[in-house]
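Chains as they are written, first to last, in my numbering: chain A, 58 to 469; chain B, 163 to 398.
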């Protein structure tokens, strides 16, 4: 609801554009035509049995009972009504979105035909600059199918009989998923027995690599199943899938498993090796900007043929008074064994010694990627040196003494 | 504009009622940024000897794909880094004054070193000299190992009476108790003696398998032995 109101400004634009683009009558006729077509469709489907008039068995058929209209259940009737309403609504939204997109493209002076969703987001950010803190509350213009979640189609026929065999569980898609997983587990057990009976050895190369992906979160799974599930059910899902994955021949169900996993793309650039630049002396150097940690921010330059000189804000390592911060600064250098091969120049401001040394640590590690080999890069990644620490101090909440701390409980 | 907005909200309201409306990417977030890493971030393996193990079994490049938490502010891959010392510093720390805690522990190590060197030079034969451990970190490890209890007493209520029932102890809990007892014994000192001095003495005593802390451990073991008749209350 909130989201929708945010986009109302944009819809205003689309309305204006719509008035200019089409006469009103033409538009409405377009919709009515579509919707009647749909109703006809449904009707044809329900009276399929009586449609074959040119049949040889015409004479033997008891037309009287067959032609009696099949009784449409109340639920089906209500569903059809709702579906019609929703379809019309979605069509209207889609239409308005497309018009709005074209109008936006014209406003931005770009080609409406090649205006993508990325361009739309950029344009909205430019036209409606928002100071709202939470990105989710800022104005947006997304395709209607993203704003309005998918809905289930009719789960029962005209007579009110459900299509799905698990309809009466209330959550057919979710329980079908568990059912499939359990079936796969049984199949794998059977396959394992067969292999053992044949006295074959399992293929060592064919195995499932699940390091780079995680199970869908509860929200993602709900969206995929179009069903609301509770925490216990989500735990059950994870449990049964973990059991499936733990089996020795789980790679045979790879497709099924990967459908419910999401790949992690957080480490996209960490293992890339950027090219260093060269100064007038032919000295290679890499500058990393935006080295952040807590409230500290700064930049770190690494010069490759060097003697291990460290300069922080014009001073040497004694810029930090405590040992811990000094250790943190030289951590990546010691880890890679480059402590006497490179020079480091860092400019840092904000925060305290811990944050500043952490920012410099990340900056040095990030810059060193250009001067180490592939295996060392992987070692740095496993050591967590290439991960940016984006954590911040958690805010204090009203009504309690700290971020999480609650006042002492008193009965009265 | 207003009229359009009202009309629009009217439409959405009807849809709301009809379709159990839930926007697809509504997020419930209380903080501007996450204050911790998500579950799928793995713990970092930053010490050289642990990484060497990974390289041996060819696991390193597989692990490099997945996201890893950054090492903490007090963790390094330096040869001087010791997780046990780190843990000890955290136990000594009060009110978040880590720098002071670290200074105190380092001062205690210096005292241990001084005492041991004195003993080393006083020792008459080469055999006696070889027996003396000069590295204070080795002494700490030895002391902690000697202070670790093997059993613990759990208060279990049966028939209205609380029995002290002997039970096995986890590694983590025994480490905690060892450090806690060492610090308890150290803080039980006269006011004129400073923490580093007393702690150095306690460490040396414990490393030698004598002193207050080892006695406390033995007392606990004796108590467990005496209460072995109650052991079945753990599961009955």
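Note that beta-carbon positions come from the ideal geometry of N, C-alpha and C, so glycine has one too.
Let's test the definition: count the other Cβ atoms within 10 Å of the Cβ of residue i and tell me whether it reaches 16, buried, or not, exposed.
i	result
residue 360(A)	buried
residue 465(A)	exposed
residue 153(A)	buried
residue 164(A)	exposed
residue 370(A)	exposed
residue 409(A)	exposed
residue 232(B)	buried
residue 313(B)	buried
residue 297(B)	exposed
residue 467(A)	exposed
residue 450(A)	exposed
residue 221(A)	exposed
residue 434(A)	buried
residue 436(A)	buried
residue 158(A)	buried
residue 367(B)	buried
residue 257(B)	exposed
In three-state DSSP terms, what is residue i?
i	result
residue 145(A)	helix
residue 312(B)	coil
residue 429(A)	coil
residue 375(A)	helix
residue 347(A)	strand
residue 313(A)	helix
residue 202(B)	coil
residue 380(A)	helix
residue 219(A)	strand
residue 397(B)	coil
residue 224(A)	helix
residue 243(B)	coil
residue 14(A)	With chain A covering 58 to 469 only, the question about residue 14(A) has no answer from this structure.
residue 326(B)	strand
residue 331(B)	coil
residue 354(A)	strand
residue 319(B)	strand
residue 230(B)	strand
residue 237(B)	coil
residue 465(A)	coil
residue 172(A)	coil
residue 190(A)	coil
residue 278(B)	helix
residue 130(A)	coil
residue 229(A)	helix
Let me check understanding here. Comparing Cα to Cα, which of the options lies closest to residue i?
i	options	result
residue 197(A)	186(A), 207(A), 206(A)	186(A)
residue 201(A)	434(A), 282(A), 174(A), 184(A)	174(A)
residue 398(A)	419(A), 447(A), 340(A), 283(A)	340(A)
residue 264(A)	204(B), 224(B), 213(B)	224(B)
residue 230(B)	441(A), 451(A), 302(A), 408(A)	441(A)
residue 230(A)	217(A), 290(A), 182(A), 251(A)	290(A)
residue 252(B)	208(B), 234(B), 330(B)	234(B)
residue 254(B)	355(B), 388(B), 368(B), 348(B)	348(B)
residue 357(B)	281(B), 308(B), 262(B)	262(B)
residue 273(A)	240(A), 338(A), 317(A)	317(A)
residue 238(A)	297(A), 144(A), 431(A)	297(A)
residue 404(A)	347(A), 385(A), 458(A)	347(A)
residue 235(A)	439(A), 285(A), 301(A), 177(A)	301(A)
residue 270(A)	450(A), 311(A), 448(A), 143(A)	311(A)
residue 398(B)	295(B), 321(B), 275(B)	321(B)
residue 133(B)	352(B), 339(B), 354(B)	Any question about residue 133(B) goes unanswered here, given that chain B covers just 163 to 398.
residue 352(A)	199(A), 447(A), 366(A), 280(A)	447(A)
residue 311(B)	228(B), 282(B), 273(B), 382(B)	382(B)
residue 341(B)	205(B), 248(B), 323(B), 273(B)	248(B)
Name the DSSP beta bridge partners of residue i, please?
i	result
residue 400(A)	360(A)
residue 334(A)	342(A)
residue 348(B)	In the DSSP output, where bridge partners are listed per residue, residue 348(B) has none listed.
residue 319(A)	271(A)
residue 167(A)	Residue 167(A) pairs with nothing; no bridge assigned.
residue 405(A)	355(A)
residue 368(A)	402(A)
residue 213(A)	219(A)
Cβ of residue i less than 8 Å from any chain D Cβ?
i	result
residue 354(B)	Although the question refers to chain D, the structure presented lacks it and instead comprises the protein chains A and B.
Inter-stretch contact at 8 Å, needing at least 3 Cβ pairs: the stretch 379-391 of chain A / the stretch 407-420 of chain A: yes
Validate contact between the stretch 294-309 of chain B and the stretch 233-251 of chain B using beta carbons, cut 8 Å, 3 pairs: yes
Contact the stretch 356-364 of chain B vs the stretch 268-279 of chain B: 3+ CB pairs below 8 Å: The stretch 356-364 of chain B, when compared against the stretch 268-279 of chain B, does touch it at the 8 Å Cβ threshold.
Is the number of C-beta pairs between the stretch 387-398 of chain B and the stretch 327-339 of chain B that are closer than 8 Å three or more? yes
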